[in-house]
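Worksheet: one structure, shown below.
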Amino acid sequence: PSGDDCESEHQRVRVCVRRRPLFPHERRAGEFDVLSRAGNDAIVVHDCRMRPDCRNLLINHHSFTFDRVFDEEATTDEVYSAEVLPLVRRAAAGSVAATVLMYGQTGSGKTFTMAGLHSRLCDDLFASLSPADEVTATLTELGVGGARDLLRGGDVCQVLADPATGTVEPLPCAEVRVDGATGLRALFEYGASLRETAATGVHDASSRSHAVFRLHVQRAGVPGGSLTLVDLAGSEQRIDADSHSSERTRESAAINASLLALKDSVASLNGGGEFRSAAGGRHPLTLLLRPSFERSSEAGRQGSGTVIIATVSPASKDTEHSLNTLRHAAAM
Ligand code: ADP
Ligand code: MG
């Protein structure tokens with residue numbers, strides 16, 4: 115499917131993979147490339163392990179099929195044109211809630227890809243809008259400490275639970291009016307710098323929190339559209355039984371739970387069900403994203419409103435994490 119109008123009603127979420135190149139410094143350190151692409155839609159992980167007797171190398175080949183696989187030669191332009199531009203156009207036209215999710219291990223290229231998509235979509239989003247149309251933006255960072263409104267100086271905007279009704283709702287974040295492509299580009303850069311600043315803390319905050327950039331488009335006479343761009347926390351979280359830092363362990367468990375909740379919700383949507391009815395539907399991350407998915411579910415006949423880009427590292431040391439990322443992505 116082209117990602118445009120010809121998709122079947124059931125395929126509401128596209129799942130793609132982008133692999134980054136093996137870096138020269140990794141090669142120098144003895145790492146080798148364990149990934150290969152098979153056609154446009156399959157990727158194979160060559161899982162190499164030394165046999166216990168150290169005399170033979172055992173290689174297991176694991177193959178995964180997706181809507182599309184982007185090899186290391188693929189540029190961000192190609193990823194953008196094939197997967198994101200159709201969503202940008204639909205969001206700008208109104209009525210459609212479009213979502214782009216970056217999922218993968220820390221260091222696999224989520225932020226690299228997202229930054230490239232940001233800079234490319236600015237002109238296209240505004241191309242069909244008139245000065246009377248309104249675009250607003252929110253930027254929320256969701257970590258273990260709760261949700262933070264990055265465009266309002268990192269204020270905490272907690273996701274509240276109402277014990278009486280069992281409902282949990284995110285508090286609205288500050289909406290910033292964006293007056294054109296240049297302003298939007300500046301806002302994306304500002305948002306990225308805020309996350310980088312946060313990442314100089316004790317642990318790498320950007321790998322341990324989700325960043326949700328949401329743009330609302332309101333044009334005269336048309337229901338609003340939205341475009342939500344999500345840079346998810348690293349999928350490599352481990353729960354280390356021997357960890358001396360119980361805070362860190364709790365944090366990892368929380369991130370794992372949020373990613374699993376999201377996966378369940380997306381898989382439910384992809385199976386023709388409702389996003390909100392999935393088991394993970396009450397998690398802060400799924401709550402924050404719910405408006406996007408509910409809308410894309412209603413817009414089912416117009417095709418997919420969501421693309422997940424799973425990023426993987428080809429380095430042999432990352433084999434386990436790449437397998438994990440691909441297994442989860444393939445189950446969405
Ligand atoms: P993540 O956000 O998933 O932790 P990053 O986006 O920060 O990962 O990428 C890690 C490093 O790899 C960065 O130095 C980035 O520039 C580089 N990188 C990622 N993807 C690519 C790619 N497709 N081509 C070239 N370099 C890449
Ligand atoms: Mg990152």
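So for the sequence shown, the working numbering puts the first residue at 115; every next one is plus one.
Using N, Cα and C, we set each Cβ at its ideal position, and we do this for glycine too.
If we require 3 or more residues per run, which beta strand (DSSP E) segments fall completely within the region 322 to 348?
If we require 3 residues or more, the beta strand (DSSP E) runs fully inside the region 322 to 348 come out as 324 to 332 and 339 to 345.
Which residues bound the beta strand (DSSP E) around D161?
A156 to M164
Rounded to the nearest angstrom, how far is the Cβ of V198 from that of V214, given a contact under 8 Å?
Correct: roughly 6 Å between the Cβ atoms.
Determine the burial state of N384: buried for a count of at least 16 other Cβ atoms within 10 Å of its Cβ, exposed for fewer.
buried
Proximity of L440 and I173 at Cβ, strictly below 8 Å
no
Cβ-Cβ distance between V380 and V127 below 8 Å:
yes
Apart from the five residues on each side of it in sequence, which residues of its chain come closer than 6 Å, Cβ to Cβ, to L298?
Counting only Cβ-Cβ distances below 6 Å, and skipping sequence neighbours, we find C236 and V292.
Decide if G387 is buried, meaning its Cβ has at least 16 other Cβ atoms within 10 Å, or exposed.
exposed
Could you tell me if K471 is buried or exposed, where buried requires 16 or more neighbouring beta carbons within 10 angstroms of its beta carbon?
In the structure as shown, the chain starts at 115 and stops at 446, and residue 471 therefore has no counterpart that could be examined.
Is G305 helix, strand or coil when you go by DSSP?
helix
Pair every Cβ in the region 244 to 253 with every Cβ in the region 329 to 348, then say whether three or more of these pairs are closer than 8 Å.
Remark: three or more beta-carbon pairs, one from each stretch, lie closer than 8 Å, so the region 244 to 253 and the region 329 to 348 are flagged as touching.
If the criterion is Cβ atoms closer than 8 Å, does the pair L256 and L402 meet it?
yes
Assuming Q219 and S427 form a contact by the criterion Cβ under 8 Å, report the distance between their Cβ atoms to the nearest whole angstrom.
6 Å
Sequence-distant residues of its chain with Cβ nearer than 8 Å to L149 (five each side left out):
Cβ within range, chain order: R133, I157, V158, V159, H160, V426, P428 and S436.
In this structure, how does DSSP classify G174 when only helix, strand and coil are distinguished?
Going by the sequence as given, residue 174 is Asn instead of Gly. Note: N174 maps to strand in three-state DSSP.
Between S432 and the ligand MG, is the CB less than 7 Å from at least one heavy atom?
Looking at the sequence shown, residue 432 is not Ser but Asp. Answer for D432: no, Cβ out of range of the ligand MG.
Do you know whose CA, among G259, A212 and G223, lies nearest P135's CA?
That would be G223, whose Cα lies nearest to the Cα of P135.
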